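Below is one structure, written out as C-alpha cells; comments come after it.
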Amino acid sequence: LEEICATMDIPSMTSNTYIKNHDIIGKKIHEISENVMKIAGEEERRLAMENGDIDNDGIPMCTVVADGQWGKRSYKTKYDALSGAATIIGYRTKKILFIGIRNRYCVICQRASNKKEPIPKHVCSMNWSKSATGMEADVIMEGFKRSIEMHGLKYDKIIGDGDSSVTKRLKESMPYGPKFLIEKIECRNHLLRNYGTKLMAVIKNTKYPIILRKHIQNNLKRFRFAIVKSIDYRNNLQNQSTSQKI
C-alpha cells in the first residue's frame with residue numbers, strides 16, 4: 001500500500017489506521033458473504049422443489065460441487081501448507097453455498113511465543129492443529145452438517161476430485177443419518193487427469209508388451225477425446241433430468 005501511494009505521490013495511512021479499517025472491511029465482507037450464500041441456498045432450494053428432488057422427510061435435495069484450496073502447492077510431495085480452504089457450490093445455480101477456512105498459524109500468537117511473552121487478547125485465526133491434508137475433508141464435512149441449518153437442504157450428490165478422504169469422512173460422519181447415502185461423482189477434469197496418469201504409468205511399465213505400450217502412447221489423445229465426447233453426448237440428450245445427466 002505504501003508503494004502504491006508513493007507512486008501516486010499521496011500520503012499513506014499509518015499502520016494503526018490500516019489495521020482499524022482492515023477489521024471494519026473484513027467484518028462487512030463476512031456479513032455480505034453470509035447473505036450471498038443464504039440467497040444462493042434459497043434459489044437452490046426452490047429449484048430442487050420445482051424438480052421434485054425431495055427426500056422422505058420432505059427436505060429438498062441438491063447436487064453440489066466441492067473442492068479444496070491451500071496456501072501453497074504441494075506438487076504431491078510436500079503437504080505442509082499453513083492454511084487451506086474448501087468451497088461447496090450448488091450444481092444448478094453455480095453459486096457458493098458454503099466456504100470454510102482452516103489455519104495452522106496465527107502471527108500474533110507466534111510473535112508472542114517467539115518473544116516468550118503472554119499472548120495478547122486478539123481475534124485468533126488459528127483453528128486447525130492437524131495436518132494440511134485433512135483440511136479439505138473437515139471443511140466439506142462441516143458444510144454438509146450445516147446444510148439443513150443454513151439452507152434447509154440436503155446434499156445428496158457431491159461432484160469432486162478423486163480424493164477418497166472426503167468420501168471416507170462423509171461416510172463416517174453420516175451428516176443426514178445412517179439411512180441417507182451421499183453419492184460421490186468424480187468430475188470430468190479430475191477423471192481425465194487421473195485416467196491420463198494411469199495410462200502413462202502403463203506406458204512406462206516394462207512388464208507390459210512394448211507393442212501394447214506404443215499403441216496406448218500413440219492413442220492417448222483419442223482415448224481422452226472419446227471420454228469427453230461421450231459426456232457431451234449424454235448431456236445433450238433430450239428429456240433427461242439433471243440427476244440423469246450428472
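Letter 50 of the sequence shown, counting from 1, is numbered 50 in UniProt numbering, and no numbers are missing. Backbone N, C-alpha and C define an ideal beta-carbon position, used for all residues, glycine too. Quick caveat: nothing in here was measured; it's all calculated off a predicted structure.
Taking a C-beta distance under 8 Å as the contact criterion, Y155 and C62 qualify as a contact pair. The count of Cβ pairs closer than 8 Å, one atom from the stretch 106-126 and one from the stretch 55-70, stays below three, leaving the stretches out of contact.
Take the alpha-carbon of G134 and the one of S165: they are about 8 Å apart. With respect to the C-alpha of I148, the residue from I158, S125 and P175 having the closest C-alpha is P175. Contact between L153 and R45 holds, with the beta-carbon distance rounding to 5 Å and staying under 8 Å.
Linking I19 to R111 through their CA atoms gives a straight-line distance of about 17 Å. Taking a contact to require three or more Cβ pairs closer than 8 Å, the stretch 68-75 and the stretch 123-142 qualify as touching.
Taking C-beta atoms under 8 Å as the contact rule, A132 and A85 fail to qualify, at a distance of about 11 Å. Taking C-beta atoms as the reference points, G160 and A40 fail to come closer than 8 Å.
When the Cα atoms are used, K204 and R213 turn out to be separated by approximately 8 Å.
The Cβ atoms of L97 and I88 lie closer than 8 Å to each other.
Of all alpha-carbon atoms in G143, H151 and M150, the one lying nearest the alpha-carbon of I158 is that of G143. For R188, the enclosing alpha helix (DSSP H) covers residues R188 to K204. Excluding sequence positions up to five before and after L1, its CB lies within less than 8 Å of the CB of S12, M13 and Y18, all in the same chain and listed in chain order. Between R104 and S74, the beta carbon gap of about 14 Å keeps them out of contact (Cβ cut-off 8 Å). In this chain, D156 is not harboured by any alpha helix (DSSP H); it is covered by the beta strand (DSSP E) spanning K154 to G160.
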